[in-house]
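To convert a position in the sequence shown, counted from 1, into the working numbering, add 176.
Even for Gly, the Cβ is constructed at its ideal location relative to N, Cα and C.
Step one of this worksheet: look at the structure below.
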Amino acid sequence: MSLELIIGLLASAILAYVIPKISPYIDKLISLISSFFLNHVPNIIRNYFRARRLKKHNHIRKIRYNQDAVIFQIIKAHSYFILLWLLISFYALLMIIGPYMQFIEDYPVLSSVCFLPIYIFEVFWLLETKKAQKLVKNRGYLRGV
């Protein structure tokens, strides 16, 4: 294996570890930017985003009473995490065995596009984890249930 490939693999592994750690800061930045735009955009766009936020909030409020739905959401988040690491292991195995290694060396841009499923599963995992965290947090707000 070449040094560039090893550096690329290490960088990808570090990114997969760092992105969830900095995700709260990214969320705060996104909310800051979105609040800025919501105060300076036409009402039609503002109403669209408010309706989306209300729909998500109502969905969480509706299913937080169902403990099975909350547990299912947590299981979904963990399943995406396991699928992410299985996919990373699969690509690492392909590179170790050899046929994918030649493809990476011959077509570096195309091979980087082939790694997109890893990042797609990471985004799914992050979204589902955030949703599960919100459900667990809102589960604590139940009164007398």
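Quiz item: Residue range of the alpha helix (DSSP H) that H235 falls in?
Solution: Start and end: 219-239.
Exercise. Can you have a look at F212 and say buried or exposed, based on whether 16 or more other CB atoms are within 10 angstroms of its CB?
Key: exposed
Quiz item: For S210, which residues from the same chain have a beta carbon less than 8 Å from its beta carbon, with the 5 sequence-adjacent residues on both sides left out?
Solution: F225
Quiz item: Going by alpha carbons, who is nearest to G316 out of Y241, L179, H216?
Solution: Y241
Quiz item: Does the Cβ-Cβ distance between Y267 and F297 come in under 8 Å?
Solution: no
Practice problem: Express the C-alpha separation of Q249 and A308 in angstroms, rounding to a whole number. | Solution: 6 Å
Quiz item: Contact between the region 270-282 and the region 177-187: three or more CB pairs below 8 Å?
Solution: yes
Quiz item: Within the present structure, is the beta-carbon of L302 separated from the nearest heavy atom of the ligand PLP by less than 7 Å?
Solution: In the structure shown, the ligand PLP is absent, as is every other ligand, since no ligand is present at all.
Self-check item: Environment of I190 [buried if 16+ CB atoms lie within 10 Å]
Solution: Taking all protein chains in view, the Cβ of I190 is surrounded by fewer than 16 other Cβ atoms within 10 Å, so the residue is classified as exposed.
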